[in-house]
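Chains R and V, in that order, are what the protein sequence lines are.
Under the numbering used here, read the first sequence as residues 12 to 426, first letter to last.
Under the numbering used here, read the second sequence as residues 12 to 426, first letter to last.
By construction, the Cβ of each residue, glycine as well, lies at the ideal position given by its N, Cα and C atoms.
Only a predicted model underlies this, so the values are computations on that prediction, with no experimental measurement involved.
Protein chains: 2
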Amino acid sequence: MALIVQKYGGTSMGTPERIRNVARRVARWKSQGHQMVVVVSAMSGETNRLLSLAKEVSPAPAPRELDVMVSTGEQVTIALLAMALQDIGVSARSYTGSQVRILTDNIHTKARILDIQDTNIRRDLDAGTVVIVAGFQGVDEQGNITTLGRGGSDTSGVALAAALLADECQIYTDVDGVYTTDPRIVPEARKLERITFEEMLEMASLGSKVLQIRSVEFAGKYKVKLRVLSSFEEEGKETSGTLITFEEDRKMEQPIISGIAFNRDEAKLTVLGVPDRPGIAYQILGPIAEASIDVDMIIQNVGHDGTTDFSFTVARSEMERARKILEDQVKPHVGARQIVADNKTCKVSAVGVGMRSHPGVASQMFRTLAEEGINIQMISTSEIKISVVVDEKYLELAVRVLHKAFDLDQAPAQV
Amino acid sequence: MALIVQKYGGTSMGTPERIRNVARRVARWKSQGHQMVVVVSAMSGETNRLLSLAKEVSPAPAPRELDVMVSTGEQVTIALLAMALQDIGVSARSYTGSQVRILTDNIHTKARILDIQDTNIRRDLDAGTVVIVAGFQGVDEQGNITTLGRGGSDTSGVALAAALLADECQIYTDVDGVYTTDPRIVPEARKLERITFEEMLEMASLGSKVLQIRSVEFAGKYKVKLRVLSSFEEEGKETSGTLITFEEDRKMEQPIISGIAFNRDEAKLTVLGVPDRPGIAYQILGPIAEASIDVDMIIQNVGHDGTTDFSFTVARSEMERARKILEDQVKPHVGARQIVADNKTCKVSAVGVGMRSHPGVASQMFRTLAEEGINIQMISTSEIKISVVVDEKYLELAVRVLHKAFDLDQAPAQV
């Protein structure tokens with residue numbers, strides 16, 4: 012008998028019929044003797060419906076009141092799932108974030124979980140009751156309702172699994188696992204049976220939308236065994252999804268590269284002809300940071316004749332704001348020659364813990380792209396990832412050729 | 012400076028535009044220096060939408076989970092109204108029933124309020140903040156969400172007014188007060204400036220839908236000054252609605268009859284030829300009560316040749332169930348001759364505290380109906396009310412002629 016936390020997203024809870032399906036799945040796990048905690052999101056579309064209601068009432072609604080309102084989405088689905096379970100004879104009880112007591116800080120609309128009280132949940136589990144918890148929400152010290160921000164239900168699931176020392180946290184979604192890359196771009200993409208937390212973090216931060224990055228960090232920090240599964244597989248035909256695991260669990264033989272991730276949401280800004288002197292990076296990026304614009308990659312070229320070029324990338328929606336800051340504040344201040352902004356770029360990355368022991372990955376990646384005539388605009392590396400910025404028009408081609416070059420379309424050798 | 016509790020129903024909160032109107036009205040009262048507590052219902056239609064979602068998931072959803080779900084309706088509107096007030100520069104803060112702590116018993120879907128904690132509300136009011144409270148809901152000792160049943164938001168408003176010792180509880184609705192009768196039937200119906208609690212209780216229980224009867228009882232018990240007003244009157248053209256007051260407040264000269272109430276939802280059951288012996292009423296109504304069917308009027312005719320006829324009325328939706336009980340259990344047991352059921356009846360009542368000192372009211376009522384050829388099937392009286400059951404086809408005619416006979420179309424003499 013294990014203690015399992017399952018999390019179902021908005022698509023899985025999207026209609027009464029789907030909710031009954033989720034209930035049947037939970038009931039099957041329960042009937043196998045497991046203690047079940049189920050975390051749910053709002054029905055898909057509901058959070059947006061509520062947000063647009065708010066906008067109709069006030070153009071800039073107070074975050075505290077937004078949280079009161081949008082938290083109702085999950086309050087509806089916990090009740091519906093409890094009803095659906097009871098309807099098939101399974102004892103179940105719903106909890107809002109406040110009823111569990113998922114204590115958070117008071118940063119409304121993006122609160123962080125501080126503590127989870129497990130008294131009520133333990134009592135119900137011991138009595139054989141399925142516990143259903145509203146994802147995405149908590150309560151602060153003063154009793155105000157808070158929400159964790161978009162995708163926060165994943166974090167709720169992982170946090171509950173950590174607090175309850177659950178055997179596994181299963182994230183049910185509309186894909187059946189983590190793939191070597193997006194199958195819409197590379198039909199040969201394979202589902203990974205396992206991926207390490209570090210790899211998953213890189214994949215998530217690079218635009219792979221399977222899991223919210225905060226939940227992966229959380230799972231890594233508290234060593235929660237995390238599994239991504241599909242909630243749309245038929246009964247009896249379920250696969251085991253992708254297990255997100257710790258490196259030490261893995262077999263000796265492992266692929267060098269686990270996946271090719273990409274992100275279209277990249278815009279590149281270049282400050283041309285800045286004086287090549289200490290402190291210049293701070294002078295350029297200081298005003299950008301003050302404007303709360305997140306910077307992703309940063310490149311400073313080797314200077315010659317006393318000047319250098321400085322490039323960085325930001326989310327496309329921030330490009331214009333960043334450009335204006337560079338033009339108005341940075342350019343006159345540092346005496347740059349010109350500001351160039353380009354929102355037709357994208358980032359493609361190879362991710363894999365195996366590259367730690369295989370120094371040739373970067374050169375293979377560059378050669379593969381060069382053979383296709385794809386110009387690399389920026390390069391950034393970490394211990395388990397190599398990212399390049401290329402012209403957006405090459406995105407699909409780059410992903411395809413890299414996927415093939417690293418043999419990701421081949422099943423890994425059995426050990 | 013007064014402390015005012017205002018309650019707005021689902022129609023008043025039905026759209027973002029109407030919510031902004033409510034905000035402007037609250038802001039005007041606030042700007043006159045009053046401390047404001049506002050109780051709101053869910054947007055009209057929302058509770059039904061949620062209930063039908065529940066029915067799609069389970070034919071017989073658990074009351075605890077129904078309460079978790081339907082309480083979200085008011086949780087959305089408190090947040091929207093707070094946003095709308097903040098948007099026009101008025102400090103406001105929303106509270107769910109659980110956040111106020113409106114403590115109730117644990118009878119889900121029809122809980123009763125036991126206690127209201129006023130600490131948070133007082134603190135906000137003292138700071139000049141408008142307090143917005145979700146109507147219809149509370150929380151039990153164990154922290155479970157409860158609801159007060161349909162129309163419970165009126166009760167929430169009155170209970171808050173009682174707990175806070177408010178100067179007035181204003182119930183905003185889609186009519187501008189309590190009328191001498193339904194203006195759709197009698198165009199000459201007049202709005203009453205005042206009505207006593209006793210009269211209002213009779214009016215409410217007789218089918219006048221302006222206020223939920225429990226809220227009137229509550230107001231009477233705790234001596235809360237209650238006023239019914241329209242939320243759809245234009246700014247600057249507001250009337251003062253109808254004040255529900257205590258008899259001792261009233262002027263000496265008062266109309267004998269305050270209003271003509273009616274109720275179409277009456278079905279009459281008659282047990283013919285039952286033995287005229289002690290205990291027969293209990294033998295007939297005992298099984299009805301055990302089936303939780305509410306009985307309204309009860310008449311037992313004077314017996315002759317050892318048998319008598321016994322009639323009572325129930326809600327129309329209960330008639331068939333009651334008939335079956337009479338046929339199956341009562342008729343063979345007491346040896347009755349026949350069961351007759353009639354769902355084409357209605358009840359018309361004259362209500363007024365003035366009839367205490369005017370004994371001629373009943374005879375005037377009977378004469379008026381006789382002159383129109385309306386046959387009276389049953390009669391029931393209380394100290395301040397005379398009700399008759401007549402054929403439903405005479406309802407409008409009966410209401411009209413009684414309204415005129417008691418001079419209700421004339422403004423009362425000024426004193």
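When the Cα of residue i is compared with those of the options, which residue comes out closest?
i	options	result
Y106 (chain R)	R:L61, R:N312 and R:S52	R:S52
K401 (chain R)	R:E394, R:M389 and R:I395	Sequence check: residue 401 (chain R) is Val here, not Lys. With distances taken between Cα atoms, V401 (chain R) lies closest to R:M389.
A272 (chain R)	R:C357, R:V306 and R:P289	R:C357
A174 (chain R)	R:T192, R:S216, R:D187 and R:R133	R:R133
Q375 (chain R)	R:S109, R:R205 and R:H414	R:H414
N312 (chain R)	R:S391, R:K236, R:T158 and R:A103	R:S391
V221 (chain V)	V:P198, V:G163 and V:I268	V:G163
K234 (chain V)	V:H344, V:E246, V:E249 and V:T207	V:T207
G346 (chain V)	V:D287, V:V144, V:L77 and V:P298	V:D287
E209 (chain R)	R:V227, R:P198 and R:R201	R:V227
S55 (chain V)	V:E85, V:L380 and V:D276	V:E85
K41 (chain V)	V:P298, V:H369, V:L136 and V:G247	V:L136
R205 (chain R)	R:P289, R:S251, R:S303 and R:F229	R:S251
M308 (chain V)	V:P194, V:K396, V:V142 and V:A122	V:K396
K232 (chain R)	R:R275, R:P194 and R:T166	R:T166
P423 (chain R)	R:E383, R:G365, R:P370 and R:E246	R:G365
T130 (chain R)	V:D305, V:Q153 and V:I291	V:Q153
Y405 (chain R)	R:N386, R:G270 and R:I310	R:N386
F323 (chain V)	V:R35, V:G168 and V:I304	V:I304
Q110 (chain V)	V:I336, V:A122 and V:V144	V:V144
Residues in its own chain within less than 8 Å of residue i by CB, not counting five upstream and five downstream?
i	result
I224 (chain R)	L212, A215 and S216
E407 (chain V)	I196
M24 (chain R)	I30, V33, V51, S52, A53, M54, S55, T88, L91 and L92
T379 (chain V)	V412, L413 and A416
Just to confirm my understanding: we take residue i, look at its own chain, exclude 5 residues before and 5 after, and list those with CB closer than 6 Å. What are they?
i	result
R112 (chain V)	Q128
L203 (chain R)	V189 and T253
P27 (chain R)	none
D126 (chain R)	L114
L61 (chain V)	M80 and V81
Take residue i and list the residues in its own chain whose beta-carbon comes closer than 7 Å to its own, dropping the five residues that flank it on each side.
i	result
E394 (chain R)	R367
S354 (chain R)	One detail in the question is off: residue 354 (chain R) reads as Asn in this sequence, not Ser. So the list reads A278, R327 and M330, once near-sequence residues are dropped.
G44 (chain R)	M12
A38 (chain V)	L96, I99 and V101
T318 (chain V)	G284, V285, P286 and D287
T22 (chain V)	S55 and D185
Please check the pair residue i and residue j, which I expect to be a contact at CB under 8 Å, by giving their CB distance rounded to whole angstroms.
i	j	result
S63 (chain V)	Q148 (chain V)	Actually they are not in contact, since the Cβ atoms of S63 (chain V) and Q148 (chain V) sit about 20 Å apart, beyond 8 Å.
F321 (chain R)	T281 (chain R)	7 Å
A170 (chain V)	I124 (chain V)	5 Å
G108 (chain V)	V150 (chain V)	6 Å
A333 (chain V)	I299 (chain V)	6 Å
R201 (chain V)	L419 (chain V)	7 Å
H344 (chain R)	Q294 (chain R)	7 Å
A381 (chain V)	I268 (chain V)	Wrong, their Cβ atoms sit about 18 Å apart, outside the cutoff.
Next item on the list: Name, going along the chain, the residues of the region 79–90 of chain R whose beta-carbon falls closer than 7 Å to a beta-carbon of chain V.
Entry: V79, M80, T83, Q86, V87, I89 and A90
Notebook entry, point to check: Taking Cβ-Cβ distances below 7 Å as the criterion, which residues of the region 113–144 of chain V are in contact with chain R?
Noted result: none
Check: If contact means a Cβ-Cβ distance below 8 Å, which residues of the region 36–64 of chain V contact chain R?
Finding: L61 and L64
Check: Using 8 Å as the Cβ pair cut-off and three pairs as the minimum, do the region 13–30 of chain V and the region 166–184 of chain V touch?
Finding: yes
Check: What residues in the region 23–37 of chain R have a beta carbon less than 7 Å from any beta carbon of chain V?
Finding: P27, I30 and R31
Note to self: What are the residues in the region 94–105 of chain R lying within 8 Å of chain V by C-beta distance?
What the structure shows: M94, A95, Q97, D98, R104 and S105
Checklist line | Chain-ordered residues of the region 145–169 of chain R with a beta carbon less than 7 Å from chain V | finding: G154
Next item on the list: Take every Cβ of the region 66–81 of chain V, pair it with every Cβ of the region 92–100 of chain R, and state whether three or more of those distances are shorter than 8 Å.
Entry: yes
Check: Just checking, does the region 116–127 of chain V make contact with the region 157–177 of chain V on the three C-beta pairs under 8 Å criterion?
Finding: yes
Check: So, do the region 186–200 of chain R and the region 228–247 of chain R have three or more beta carbon pairs nearer to each other than 8 Å?
Finding: yes
Margin query: Residues of the region 378–396 of chain V in Cβ contact with chain R at a cutoff of 8 Å, in chain order, please.
Written below: none
Margin query: Tell me which residues of the region 215–244 of chain V have at least one Cβ-Cβ distance to chain R shorter than 9 Å, keeping chain order.
Written below: none
Note to self: Any C-beta of chain V within less than 9 Å: which residues of the region 320–343 of chain R qualify?
What the structure shows: none
Next item on the list: Would you list, in chain order, the members of the region 65–76 of chain V that have their beta-carbon closer than 7 Å to a beta-carbon of chain R?
Entry: A65, E67, V68, S69, P72, A73 and E76
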